[in-house]
Amino acid sequence: MRWAAALAVVVGGFLAYSLPPYLTGGTRVPATFAWHYPLLVGHVALGSIATVAAVVQIWPGLRARHRVLHRRSGRVYVVTAVPAALSAVVIGALTPFGPLLAVSNVVLAVLWLWFTVAGYRAIRSGRVSDHRRHMVRSATLALSIITNRIWAPVLFMMCYPLRDSIFGGNEEHYLWFVAGLGGWLGWLVPLTAVQWWLNRRPVNCIVVNSSARGDETGVDCGPRSGQRRRASGRGRYGNRIQRQDRTGHP
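Taking the numbering used here, I'd label the letters of the sequence shown as residues 1121 to 1370.
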């Protein structure tokens, strides 16, 4: 799809621009503890791989036509996103850009970790609809680093008059405010939009294999308005029924 191709271009451009300074020692982020820079480099490297894998995961055409690639990139995403999220908790909590951003970073990292693990556990237990919902949320948080970089300069210019009127000309406190607000908006806005989109998806069902033997059937249309509809049994083709939207994707 065109949106997926456009997203891939944006992610590629963002990584090409943002990644080199961290890998060459040119980052301008002040160190706040002894292992800050090595942990930051590890976080950035793992997060970059997870970001690329996230694009592959949510690309509809690749997911539909190349199931093996989808599964393998999913494993890559999980094994890179989990340590990246864990390191983000430490780095985010000790950010030099103020408490507002620190709280945002920690909440973001915990949610990213939660959705990733929940998505992995869902697919291991055969709940495909839940898996895809959790992974869409997880990928959204992984990609929110891009929107965060957009909010920061916009807010800096929009809120500049507040530097003197509210912050009394204190440049440091003003930068803390801008960084913190940009941090919250960077992931809250896309996550809210994605959740709205997930809630609006109509309920249909498709048939997919539920086991290696293919001798079980079931209905798992996923949560909708806080309710779940589920049934199981044997059917003619021995398959599991999963929720699907009208575009053909559960």
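We put the CB at the ideal spot given by N, CA and C, even for glycine.
task: Within its chain, find whatever has a CB closer than 7 Å to the CB of G1302; leave out the 5 residues flanking it on each side and keep chain order.
output: Only N1268, W1271, A1272 and L1275 meet the Cβ criterion.
CA nearest to the CA of R1191, picked from I1178, P1203 and V1202: That would be I1178, whose Cα lies nearest to the Cα of R1191.
- request: Assign F1153 to buried or exposed, taking buried as 16 or more other Cβ atoms, counted over all protein chains shown, within 10 Å of its Cβ.
  value: It is exposed - the Cβ of F1153 has fewer than 16 other Cβ atoms within 10 Å.
task: Buried or exposed for G1133, please, with buried defined as at least 16 other CB atoms from any protein chain shown within 10 angstroms of its CB.
output: By the neighbour-count rule (16 or more Cβ atoms within 10 Å), G1133 is not buried but exposed.
message: Taking 6 Å as the limit between beta carbons, can you name the residues of its chain near R1257, skipping five residues before and five after?
response: Around R1257: F1235.
- prompt: Closer than 7 Å: is that where the CB of R1192 sits relative to any heavy atom of the ligand ATP?
  reply: Inclusion of the ligand ATP in the displayed structure is not the case, the ligand content being empty and no account of it being possible.
- request: Tell me whether L1143 sits in a helix, a strand or coil according to DSSP, three-state version.
  value: Looking at L1143 - three-state DSSP - the assignment turns out to be helix.
query: Under 8 Å between the Cβ atoms of A1174 and L1263?
result: Yes. Within cutoff.
query: For T1171, which of helix, strand or coil comes out of DSSP?
result: Note: T1171 maps to helix in three-state DSSP.
message: Please state the DSSP three-state secondary structure of L1214.
response: L1214 carries a coil assignment under DSSP once its states are collapsed to helix, strand and coil.
query: To the nearest angstrom, how far is it from the Cα of H1156 to the Cα of P1140?
result: Their backbone Cα atoms lie some 17 Å apart in a straight line.
message: Within 8 Å, do at least three Cβ pairs link the stretch 1183-1190 to the stretch 1243-1250?
response: They do not touch, by the three-pair rule.
task: Report the three-state DSSP secondary structure of L1135 (helix, strand or coil).
output: If DSSP states are grouped into helix, strand and coil, L1135 belongs with the helices.
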